[in-house]
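Colleague: Below is a structure I'd like to ask you about.
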Amino acid sequence: MGINDKKRGPFSRFLIFLFKTVFYAVLCVLIVLIVMNVFVPIYDYDEPKPFSGDYLHNPYQDMNPEYWKQCNFHAHTDQYGGVTDGRNTPNEVLDSVYNAFGFDHIGISDYMKINDYVKFRPGFIPAYEHGYNVFKIHQLCLGAEKVRYIDYFFFQNLSMKQHMINRLSQQNRFVVLAHPSFVEGSYKVKDMKYLSNYKLMEVLNGYCLSPEHWDMALSNGHLVYLIADDDSHNSLSSRDVACRFTMINAKENNADDLLEALVSGNAVGVDFKKIWQESLPDKRDRLDKDLPYLTKAELVDTIFTVGASKMLTKVQFIGQGGKILKEVDYVDEASYNIRPEDQYVRTVLYFVDGTALYLNPVTRHDSPDIIKQRLDHISYIKTALLWLVYCFVISLIIAYISAKRRKNKRKNVVVKRY
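The sequence shown begins at 9 in my numbering and counts up by one.
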């Protein structure tokens, strides 16, 4: 105890002790976060190869219009005392609301926690949303074995994003890039040119649409299929439920069939028209009455034809770089003749009420044996050099702090003598 500490009363000493305890606790947390942020391998990337070849792959070749399953994989309940913004939505409420809306699969993906509330159902898929960084660079983990608590809190360069995808892929059946365009500074459009080793992209999210990210990935030869989710945080609001979701063409409503169809591209993203101030019962009735479904997505030679259960007010065929290749209005069916220079063709169907269906792309390959490209590999030399720099900087900081503490200690000794 220093000479000044003796003059202070018990309450003052307690406040100082409390302040120091909180300060050092926060400092320790910051140090851990900084260490996690900096000690990441540096990756090099091969140049991507766009789709090419004479074989056209149609992910809907085995589609049966009677097999559509209405699914949502991304929704939040009230966890951690409400810190994660579940807006007073307990498990029972979320489950009952989505059941009332006729969903075949009700996924709960709480932050950094596997919620097993509906584990008794054959279609249960353990899932969680990974990420607590400031730029909301999140991943939806499907078929999760356990939660990975490490994240890069302050910023993420391309190597950090790739490294996290790789680590999560080891612990989950599928890794989904969640809401890529939600926050500026999250997944950048240019990142999609090189990122690989993930299976799905949340192109449709309750808070944003990310077709530019998807087209960048597809234009650079990454066979990534879509998923669409509400990302609901309040299951008692019609603006959060049954807005954007996935229709999966699977014979049985079990985990294996759903995930296999999803990763094979036999699925459609639904952007269901929002009506502000609509009640839940009114929206449920409208969904029952107005929800369209895909009836045809047929490829014959180079002719791709699509149709739906309701009249199409507009159909867009979209290709390389997000360019609209063809657009037709007010038809029952629409066709596009895929040209030799078309590397992929994806389709969006629009309906009279404002609802849209997003289809997965028809893609070019050398043969039916499709190999997904992987571009990343660790540069061990660059990584070693960078880590040496980090260690040197940390050593300097530790040496400076130690020297300052010794200096203060000597000063206190001199004060005590006098």
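Just so it is clear, CB atoms sit at the ideal spot from N, CA and C, and this is done for glycine as well.
If you're wondering where the values come from, they're calculated on a predicted model, not measured in any experiment.
Alpha carbon to alpha carbon, how far is A316 from E220? Give it in angstroms, no decimals.
Modeller: 25 Å
Colleague: Using a Cβ distance threshold of 8 Å, determine whether the region 339-351 contacts the region 287-294, with at least three qualifying pairs required.
Modeller: no
Colleague: Quick one: what does DSSP say R21 is sitting in, helix, strand or coil?
Modeller: helix
Colleague: Who are the near neighbours of D199 in its chain, counting only those whose CB is closer than 7 Å to its CB and skipping five residues on each side?
Modeller: L166, K169
Colleague: If you draw a straight line from the alpha carbon of K201 to that of N416, how long is it in whole angstroms?
Modeller: Answer to the nearest angstrom: the Cα atoms are 53 Å apart.
Colleague: Straight-line CA distance for R181 to S246?
Modeller: Distance between the alpha carbons of R181 and S246 is about 31 Å.
Colleague: Counting pairs of beta carbons, one from the region 205-215 and one from the region 52-71, are three or more of them closer than 8 Å?
Modeller: no
Colleague: Need the endpoints of the beta strand (DSSP E) that L383 sits in, please.
Modeller: First-last for L383: undefined, no H or E at that position.
Colleague: Could you check the C-alpha separation between K77 and W395 for me, to the nearest Å?
Modeller: Taking the straight line from one Cα to the other gives about 49 Å.
Colleague: What are the boundary residues of the beta strand (DSSP E) that R354 is part of?
Modeller: 352-358
Colleague: Check the C-beta distance from V353 over to G327 and give it rounded, since I have them as a contact under 8 Å.
Modeller: With 8 Å as the limit, V353 and G327 qualify as a contact, their Cβ atoms being about 5 Å apart.
Colleague: With distances taken Cα to Cα, identify the nearest neighbour of V314 among K282, L367, A263.
Modeller: In terms of Cα proximity to V314, the closest of K282, L367, A263 is L367.
Colleague: With C-beta atoms as the reference, is D428 less than 7 Å away from F81?
Modeller: Not covered by the structure: residue 428. The range shown for the chain is 9 to 426.
Colleague: Taking C-alpha atoms, which residue in D54, C36, Y119 lies nearest to H385?
Modeller: D54
Colleague: With which residues is G315 paired in a DSSP beta bridge?
Modeller: Under DSSP, G315 takes part in a beta bridge, and its partners are K304, E341.
Colleague: Using 10 angstroms around the beta-carbon of L176, count the other beta-carbons present and answer buried if the total reaches 16, otherwise exposed.
Modeller: Of the other Cβ atoms in all chains shown, 16 or more fall within 10 Å of the Cβ of L176; this residue is therefore buried.
Colleague: With DSSP run on the structure shown, which of helix, strand or coil describes M168?
Modeller: If DSSP states are grouped into helix, strand and coil, M168 belongs with the helices.
Colleague: Should the region 388-405 be regarded as contacting the region 357-376, the criterion being three or more beta carbon pairs within less than 8 Å?
Modeller: no
Colleague: Would you mind working out which of I116, L150, L226 sits nearest S330, comparing C-alpha positions?
Modeller: According to the sequence displayed, residue 330 carries Gly and not Ser. Among I116, L150, L226, the Cα nearest to that of G330 is on L226.
Colleague: First and last residue of the beta strand (DSSP E) that includes V370?
Modeller: Note, V370: beta strand (DSSP E), 370-373.
Colleague: Tell me C79's beta-bridge partners as DSSP assigns them.
Modeller: BP columns for C79 point to H113, T254.
Colleague: Grab me the residues of L1's own chain with a C-beta within less than 7 Å of its C-beta, minus the 5 sequence neighbours each way, in chain order.
Modeller: Because the chain spans 9 through 426 in this model, residue 1 falls outside it and cannot be assessed.
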